[in-house]
Amino acid sequence: MADQTRAPGRRLLREIFCQRRRVLVTGLLCGLAGQLGYLATPALVQRAVDDGLDAGAAGRTAGWALAVVGLALLVLVGGTLGERLTRHAANVTALDLRERLLDRAGAADGAVTARFERGDLASRAERDVLTVADWVDKLTYWTLSLSTIVVVVPAIATLHPRLLVVTAAMAPLVVATQLIFPPRFAAAAEKLAGAHARRAGAVEELLSAAGAVRGLGGTGRLVRRHADASGEVTVHTLTVARVAAWWASVPPSVPRLAIAAGLATGGLAVLDGGLSIGGLIAYTSWMTMLTIALSFLVLLVSNRREAEVSGTRIAAVLDTPSPRGPAGAAILPERGDLVLDELSARTGSGGEPTEPLRLTAAPGELVVLRGPVGSGKSSLLRAVARLDDPAAGTVRFGGADVARADRMDWWARIGYVPQRPLVLTGTIADNVRLGRAAGDDEVAWACRVAGADGFVRALPAGYETAVGERGTTLSGGQVQRLALARALLGRPRVLLLDDVTSAVDVGTERAILDRLRTELPDTAIVAVSHRTQFRDRADRVVDLQAPITVGSIDG
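Just so we're aligned, residue 1 is where the sequence shown starts under the UniProt record's numbering, counting upward by one.
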């Protein structure tokens, strides 16, 4: 069952290897060349002792010593190149996986966020991605470990048959350890990954909701929930550490016992004349190498299983289907009127639907929505943006039914600024681009129209200034203007604004509205606002009424 549950992870690992196979294969070959030089060294030392030192031939000893130096250079060059290439592939893999996770989470907005908590998504984008990247980084060690076993065992056989018997005796013990420990470690690692995800969700909940529930006495409950999640992580971490400790210590001890037995057996062979002193030295060196190789092999199997678990968690997000339109999806025109035909949206989770809204916003028009709290202004904008499904009615653009179009095509034509915009850790320019290919001039234009260029230029590093997590280094008005610039970057045909100037002074607000009308003359703007500047500049103002709940009593 565990193998079946990790099948998506194995598929992802194979896909990664195929994508980077040229770099990885080159790195593996370089590492193999260096390892073969390392493995050949004991044989040269044996010749130096037997043909040089024992025979009293200084010239031969010096010749073999120079050969050892040559092998050392091969080990240095091959090992360095192999390590560098695999490390490069690991870094590129981490960047690619994070980008794919972010793209899929954004493309499948409703499906992904409904299935995964934000903290869980963060855990998959950080901890799980790093685990998979670490597997890529250690691929060269598979070559080193396996080549050691393939070369050393026959080499020991050439020294003395009894030494081969001692070496072979440890094989069943090593196989036994591999049958016992890997399943236990995989199960423990999977539980630990889940515990990390639950704690990340608890941290996200604590940080985002603590302010809202502090006055209601709910902070203590959130703290206890985080403490319980942390305790679960501790328990599973100790379990993984305990299994890993036994797994890391028992298999390597088997070859060490073989070295002791080999020294006794080999010593007797030397006394009988069946083995030279150089051969005994080579045997101890090779057995030490074999011990190291088996130790690494054990860790690599563990690393592989952890990568399968993390790869499965990443694949669960990547395999979430993107929200595409139905078969025969409508083709959206490049421009046209935005028409809301009897559109109704639900206010909150399972709330009452809003009153049906009929509205047309032509290119260049500004339509303002007003209404009391609970009238569904934000819900209507989310329905127009296709972030939520409407309760009833249709949205048309240029005569085409938006619900029958590819959602990605619709998103390419609109800009949406929510009431509480999100700011990511990174630079000002990063937050405006959000991964889109936009030049510095385009970013500067969007910030100028949004009224953000003034404060951005005043920052120490301008557009390259780093902002704190959630925009803690920016004021509320600066965050709103930054989010507006982000929405303007694609020069949308429809702009949906949800109270985007509530924290902006009147003069700045007036300038922003004037620039929106002049810089985007062909963009239909639908804005939620009670501000005077919006009302005075609107082509139409629509007043919404809060839906009446059946059975309510007006006081």
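Ideal Cβ placement from N, Cα and C applies to all residues, glycine included.
- Leu39 sits in a helix when the DSSP states are folded into three classes.
- In the structure shown, the three-state DSSP call for Glu342 is strand.
- Boundaries for Gly274: no alpha helix (DSSP H) harbours it, and the DSSP string shows neither H nor E there.
- Less than 8 Å separates the beta-carbon of Val494 from that of Arg413.
- Rounded to the nearest whole angstrom, the C-alpha separation of Gly415 and Arg84 is 43 Å.
- Taking Leu257 as the centre and dropping the five residues before and after it, the same chain places the C-beta of Met170 closer than 8 Å to its C-beta, in chain order.
- Of the residues assessed, Ser302 falls on the buried side of the cut-off, its CB having 16 or more other CB atoms within 10 angstroms.
- Within the same chain, and ignoring the five residues on either side of Glu232 in sequence, the residues whose Cβ sits closer than 6 Å to its Cβ are Ala195.
- For the pair Leu496 and Ala385, the CB atoms are nearer than the 8 Å cut-off.
- Taking Trp135 as the centre and dropping the five residues before and after it, the same chain places the C-beta of Asn303 and Ala307 closer than 6 Å to its C-beta, in chain order.
- Within the same chain, Arg60 come within 6 Å of Asp51 by CB-CB distance, once the 5 residues on both sides are set aside.
- As DSSP reads the structure, Leu497 sits in a beta bridge with Val417 and Ala527.
- Inclusion of Ala269 and Arg162 in the CB contact set at 8 Å is warranted, their separation being smaller than that value.
- Only residues of its own chain outside the window of five on either side were considered, and among them Gln533 have a CB closer than 7 Å to the CB of Arg510, listed in chain order.
- Going by C-alpha positions, Lys138 is about 24 Å away from Val254.
- Rounded to whole angstroms, the separation of the alpha carbons of Leu146 and Arg22 is 20 Å.
- Contact annotation, Ala122 with Ala200: C-beta distance approximately 6 Å; criterion of less than 8 Å satisfied.
- For Arg486, the enclosing alpha helix (DSSP H) stretches over residues Gly476 to Leu488.
- Rounded to the nearest whole angstrom, the CA to CA distance from Arg531 to Arg436 is 32 Å.
- The three-state secondary structure of Gly27, taken from DSSP, is helix.
- Given a length threshold of 4 residues, each whole run of the alpha helix (DSSP H) inside the stretch 439–463 is given here in chain order: 440–449 and 453–458.
- When secondary structure is reduced to three states using DSSP, Phe17 falls in the helix class.
- Membership of Arg517 in the alpha helix (DSSP H) is indicated by the continuous run Val506 to Glu519.
- Residue environment: Asp441 is assigned as exposed (fewer than 16 neighbouring CB atoms within 10 Å of its CB, all protein chains considered).
- Following the DSSP letters along the chain, one finds Asp137 in no beta strand (DSSP E) but inside the alpha helix (DSSP H) bounded by residues Val129 to Asp137.
- Here Ala168 is exposed, its C-beta having fewer than 16 other C-beta atoms within 10 Å.
- Of Trp445, Gly477 and Leu459, the smallest CA-CA separation from Leu488 is found for Trp445.
- The beta carbon of Thr177 lies closer than 8 Å to those of Trp247, Val250, Pro251, Val254 and Val298 in the same chain, with the five residues before and after it left out.
- Taking Asp499 as the centre and dropping the five residues before and after it, the same chain places the C-beta of Gln419, Val528 and Ser529 closer than 7 Å to its C-beta, in chain order.
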